[in-house]
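If you count the sequence shown from 1, position 7 lands on 279 in our numbering, and the numbers rise without skipping.
The C-beta atom is built at its ideal place from N, Cα and C for all residues, glycine as well.
Structure, as structure tokens:
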Amino acid sequence: MSYDPVAAASEVLLQENKISQRVRELGEQISNDYRGRHLHMIGILKGAWVFMADLIRHLDDVEVTVDFLGIASYGGGTTSSGQVKITKDLDQSIEGLEVLAVEDILDTGLTFTYLQKMLNARKPKSLKLVALLDKASRRQMPVYADYVGFTIPDLFVVGYGLDYAQRYRELSEIRVLHPTPEDAGVRAAGH
Ligand code: IMP
Numbered sequence: 273m274s275y276d277p278v279a280a281a282s283e284v285l286l287q288e289n290k291i292s293q294r295v296r297e298l299g300e301q302i303s304n305d306y307r308g309r310h311l312h313m314i315g316i317l318k319g320a321w322v323f324m325a326d327l328i329r330h331l332d333d334v335e336v337t338v339d340f341l342g343i344a345s346y347g348g349g350t351t352s353s354g355q356v357k358i359t360k361d362l363d364q365s366i367e368g369l370e371v372l373a374v375e376d377i378l379d380t381g382l383t384f385t386y387l388q389k390m391l392n393a394r395k396p397k398s399l400k401l402v403a404l405l406d407k408a409s410r411r412q413m414p415v416y417a418d419y420v421g422f423t424i425p426d427l428f429v430v431g432y433g434l435d436y437a438q439r440y441r442e443l444s445e446i447r448v449l450h451p452t453p454e455d456a457g458v459r460a461a462g463h
């Protein structure tokens, strides 16, 4: 059978034009906060790269540099465990820099709690977080994003960079994935 991501995830949660409008607004908000300054953006791979690529093109009058942090979370079932493996470290030191971490989605908050500690230990001048999506109702740790695209219900979503088992990242909208019972056991919080 051929691969048909749209059939597997048939429910659209966020249409492409709604996402692009919100990303534009986030870009304006971030530009207002960092205008005329140097902002060092760190994309958390792999989920955030599509969002980050769009977001940086809406920054205005901000001196932007980028770096990427690759991580893999080990989770059982549908949630991450907070045990994070670094698969690609930063290329550059962040000491003294104004850093904006770019995440695809905040869920339990376990992953970003770990990353926040790790990044703060490298002594940035400031550290903020932008998350495209926020499943606020699932939070287990007191983590918040400074900029949030959309607060969404407790659903597993794919597309626009977000994956399920490394698939669906190419979708231009965000869709809900309704798991089959067999899927549920293997769904790790993958980046
Ligand atoms: P947390 O540690 O529970 O906050 O998990 C955050 C990470 O889990 C995100 O960066 C995603 O990689 C992954 N994740 C959580 N929810 C979803 C989802 O609905 N779709 C795809 N990935 C998700």
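Roughly how many angstroms lie between the CA atoms of HIS310 and SER398, to the nearest whole one? Position 38 of the sequence shown, counting from 1, holds the residue named residue 310. Position 126 of the sequence shown, counting from 1, holds the residue named residue 398. Whole-angstrom Cα-Cα distance: 12 angstroms.
Judging by CA-CA distance, which residue of LYS407, GLU335 and GLN388 is the nearest neighbour of LYS400? The residue you call residue 400 lines up with position 128 of the sequence shown. The shortest Cα separation from LYS400 among LYS407, GLU335 and GLN388 belongs to GLN388.
Check whether GLU288 and SER444 have beta carbons under 8 angstroms apart: If you number the sequence shown from 1, residue 288 lands on position 16. If you number the sequence shown from 1, residue 444 lands on position 172. Contact check for GLU288 against SER444 passes: the beta carbons are separated by less than 8 angstroms.
Own chain residues within Cβ distance below 8 angstroms of GLU300, not counting five before or after: Residue 300 sits at position 28 when you count from the first residue of the sequence shown. Within the same chain, GLU300 has close Cβ partners HIS330 and ASP332.
Proximity to SER292 [Cα-Cα], best of ASP435, TYR436 and PHE422: On the sequence shown, residue 292 is found 20 positions in, with the first residue counted as 1. That would be PHE422, whose Cα lies nearest to the Cα of SER292.
Helix, strand or coil at THR359 [DSSP, three-state]: Reading the sequence shown from its first residue, position 87 is the one you call residue 359. The answer is strand: DSSP assigns THR359 an E or B state.
Examine the ligand MN and report whether any of its heavy atoms sits within less than 7 angstroms of the Cβ of SER282. By its list of ligands, the structure shown excludes the ligand MN, since it contains just the ligand IMP.
Tell me the rounded alpha-carbon separation between VAL371 and PRO396. Locating residue 371 in the sequence shown gives position 99, where the first residue counts as 1. Locating residue 396 in the sequence shown gives position 124, where the first residue counts as 1. When rounded, the distance between both Cα atoms is 7 angstroms.
Mark LEU286 as exposed unless 16 or more other C-beta atoms lie within 10 angstroms of its C-beta, in which case mark it buried. Here residue 286 is taken as the residue at index 14 of the sequence shown, counted from 1. LEU286 comes out buried.
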